[in-house]
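Trainee: This is the structure I have questions about; it appears just below.
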Amino acid sequence: MLPATFKLCAGISYRHLRNMTGLRRKAAVAISQELNKLAFAGTGPGKWINQVRRRSSLLSSRLEERPFNEVEMSYLKQGEEALQKSLSILGDQDGWKTETAVGNGDRVLSKVLPDVGKVFRLEVVVDQPLDSLYDELVERMEQMGDWNPNVQEVKILQKIGKDTLITHETAAATPGNIVGPRDFVSVRCTKRRGSTCVLAGMATKHGAMPEQKGFVRAENGPTCMILRPVAENPSQTKLTWLLSIDLKGWLPKSIINQVLSQTQVDFANHLRKRLASPAPPAVAVNC
């Protein structure tokens, strides 16, 4: 069976057959099945088979995806750019200064970057496993306004592929209305590799959400959250949040810095309370 399978694979190398998506999909699936049989039989170079199986599975999944249009590709590129810029900023350990240090170990650091401005870095350890944080921050993103008083609403405008979202976020008014109503349109890119999860984003534009009356359209990014299990205790998660925001309008930098630093500290406290609270009971449905 395996020689015939490779003949099928060889056939799709011809240009007139390579465009036949169904044939490509069948070839990828067939190869994956045959490699599985060999691996379980214990014959052949197992390590090589496992590597090819992984690539074959990836090929099969890609063949199932529909092609992205030009606009979607632009959003995907923006999300990847936000990810790479954020990781580059966080990877440079020089020049960070402490803005806030809390007794429980939470701290906010900051530094000024020539092409970005002042950025803030929150570092906290949460007594919850990574999956709990991932579910709250990604899977239940639109519920953030329910537990974070600094957020009025988060709405997903568009989903592109498995990892990229376009969102509209409305910030709640600050005490004393020091900072007036702000809203954001962002592209968000989520990557999860092994025990590390990265949530990155930056400002973008979307036809479904032009500037809103009564709100100043602020811009964020590059911004990023990194979630990692604590090495000594995998039931705990270290959260690092890079925050970079241009609030627009005529605001003194001293006020902006104070608000952003406090927003990160408040976020950590609200997140802990949310994760510690019991899940709401299921609603009974009468059939």
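Residue numbering for the sequence shown is 296 to 582, as defined by our numbering. Ideal Cβ placement from N, Cα and C applies to all residues, glycine included. This structure is a prediction, so every number in the text was calculated from the model and none was measured.
1) Any chance the stretch 515-529 sits against the stretch 445-452, with 3 or more Cβ pairs inside 8 Å?
2) For my contact list, Val511 and Gly544 are in at a C-beta cut-off of 8 Å; report their separation, rounded to the angstrom.
3) Would you mind reading off the limits of the beta strand (DSSP E) that contains Met497?
4) Out of Val421, Phe363, Lys372, Val433, which one is the CA nearest neighbour of Ala563?
5) Which residues mark the beginning and the end of the beta strand (DSSP E) in which Leu408 is found?
6) So Asp389 is in the alpha helix (DSSP H); what residue range does that whole segment cover?
7) How close, in whole Å, do the beta carbons of Cys484 and Thr462 come, if the pair is a contact with beta carbons under 8 Å?
8) Quick check on Gly412: does DSSP put it in helix, strand or coil?
9) Would you grab the beta carbon distance between Ile550 and Ala513 for me? Rounded to a whole angstrom, and I think it's under 8 Å.
10) What residue from Arg523, Trp391, Thr499, Asp389 has the CA that sits closest to Leu371's CA?
11) Since Gly502 and Val482 are thought to touch, with beta carbons under 8 Å apart, how far apart are those beta carbons, to the nearest angstrom?
12) DSSP three-state call for Gly523: helix, strand or coil?
13) If the criterion is Cβ atoms closer than 7 Å, does the pair Phe479 and Asn515 meet it?
14) Is Trp536 closer than 7 Å to Leu417 when the C-beta atoms are compared?
15) Using the Cα positions of Glu376 and Glu527, report the straight-line distance between them to the nearest angstrom.
16) Is Leu538 helix, strand or coil by DSSP?
17) Rounding to the nearest angstrom, what Cα-Cα distance links Trp442 and Gly509 in this structure?
18) Hey, out of Pro524, Glu464, Arg435, whose CA is closest to Met504's CA?
19) By the 10 Å Cβ neighbour count, where 16 or more other Cβ atoms means buried, how is Val477 classified, buried or exposed?
20) Whose C-alpha, out of Leu542, Arg487, Gln559, is nearest the C-alpha of Pro524?
21) Of the residues Lys392, Met368, Gln379, Leu425, which one's Cα is nearest the Cα of Lys413?
22) Please list the terminal residues of the continuous beta strand (DSSP E) segment that includes Gln453.
Mentor: Per the coordinate set shown:
1) Counting C-beta pairs with one atom in each stretch, the stretch 515-529 and the stretch 445-452 have fewer than three that are closer than 8 Å, which means they do not touch.
2) Indexing the sequence shown from 1 puts residue 511 at position 216. Indexing the sequence shown from 1 puts residue 544 at position 249. Rounded, the Cβ-Cβ distance is 5 Å, consistent with contact.
3) Taking the sequence shown and counting its residues from 1, one reaches residue 497 at position 202. Unbroken beta strand (DSSP E) run through Met497: 491-498.
4) Residue mapping note: residue 563 aligns to position 268 of the sequence shown, counting from 1. It is Val421.
5) Position 113 of the sequence shown, counted from the start, is the residue given in the question as residue 408. Here the beta strand (DSSP E) through Leu408 covers 402-408.
6) Walking along the sequence shown from the start, residue 389 turns up at place 94. It is not in any alpha helix (DSSP H) - Asp389 carries neither H nor E in the DSSP assignment.
7) As a position in the sequence shown, residue 484 is number 189, starting the count at 1. As a position in the sequence shown, residue 462 is number 167, starting the count at 1. The pair is not a contact, with the Cβ atoms about 11 Å apart (cut-off 8 Å).
8) Here residue 412 refers to the residue found at position 117 of the sequence shown. For Gly412, the secondary structure class from DSSP, reduced to helix, strand or coil, is strand.
9) For the purposes of this step, residue 550 is taken as the residue at position 255 of the sequence shown. For the purposes of this step, residue 513 is taken as the residue at position 218 of the sequence shown. Going by Cβ atoms, the distance from Ile550 to Ala513 rounds to 14 Å, so no, they are not a contact pair.
10) Within the sequence shown, the letter at position 76 stands for residue 371. Selection Arg523, Trp391, Thr499, Asp389 evaluated against Leu371 yields Thr499 as nearest (Cα-Cα).
11) Here residue 502 is taken as the residue at index 207 of the sequence shown, counted from 1. Here residue 482 is taken as the residue at index 187 of the sequence shown, counted from 1. Not a contact, Cβ separation roughly 14 Å.
12) Within the sequence shown, the letter at position 228 stands for residue 523. The sequence as given places Arg at residue 523; Gly does not occur at that position. Arg523: strand per DSSP, three-state reduction.
13) Here the question's residue 479 lines up with position 184 in the sequence shown. Here the question's residue 515 lines up with position 220 in the sequence shown. Cβ atoms of Phe479 and Asn515: closer than 7 Å.
14) Here residue 417 is taken as the residue at index 122 of the sequence shown, counted from 1. Here residue 536 is taken as the residue at index 241 of the sequence shown, counted from 1. A contact, by the Cβ cut-off of 7 Å.
15) Working through the sequence shown from its first residue, we reach residue 376 at position 81. Working through the sequence shown from its first residue, we reach residue 527 at position 232. Straight through space, the alpha carbons of Glu527 and Glu376 are spaced by roughly 32 Å.
16) Working through the sequence shown from its first residue, we reach residue 538 at position 243. If DSSP states are grouped into helix, strand and coil, Leu538 belongs with the strands.
17) In the sequence shown, counting from the first residue as 1, residue 442 sits at position 147. In the sequence shown, counting from the first residue as 1, residue 509 sits at position 214. Between Trp442 and Gly509, the alpha-carbon positions lie close to 24 Å from each other.
18) Locating residue 504 in the sequence shown gives position 209, where the first residue counts as 1. The residue with the shortest Cα to Cα distance from Met504 is Glu464.
19) The count along the sequence shown starts at 1 and reaches residue 477 at position 182. Sequence inspection shows Arg at residue 477; the Val mentioned does not correspond to that position. Buried, by the Cβ-count rule.
20) Here residue 524 is taken as the residue at index 229 of the sequence shown, counted from 1. When each option's Cα is compared against that of Pro524, the closest is Arg487.
21) Locating residue 413 in the sequence shown gives position 118, counting from the first residue. Minimum Cα distance to Lys413 is reached at Lys392.
22) Numbered from 1 along the sequence shown, position 158 holds the residue referred to as residue 453. 446-455 is the extent of the beta strand (DSSP E) around Gln453.
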